[in-house]
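Input: a single structure, listed below in structure tokens.
Residue numbers (our numbering): 5 to 93.
What follows is the structure, encoded as structure tokens:
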């Protein structure tokens, strides 16, 4: 995922909305929108928004975070199995 690609004034966004949306979809960009030079919102394509919401949900779930930390600890302590072992019947 990329950082903010552009910071645009709301007046420009109003004039170029369709083109900005097309560019965001094509290049997975996020755009900060300013009013009087002050950032007031961010616009991004829906796929990026969905991914962001899923990430927040995962990070907000204590059970999931505990499992991730345990997995990382197992990995760091070399308690792993091979891909082949994982898929054996």
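Backbone N, C-alpha and C define an ideal beta-carbon position, used for all residues, glycine too.
Just so it is clear, the structure is predicted and the values come from calculations on it, not from any experiment.
- In the DSSP assignment, residue 27 forms no beta bridge with any residue.
- For the 9 Å CB-CB criterion, residue 52 and residue 34 form a contact.
- Of all C-beta pairs linking the region 46-62 to the region 21-29, three or more are shorter than 8 Å, placing the two stretches in contact.
- Annotation: residue 36 to residue 87 spans about 42 Å, alpha carbon to alpha carbon.
- Contact between residue 63 and residue 57 fails: their C-beta atoms lie close to 11 Å from each other, not under 8 Å.
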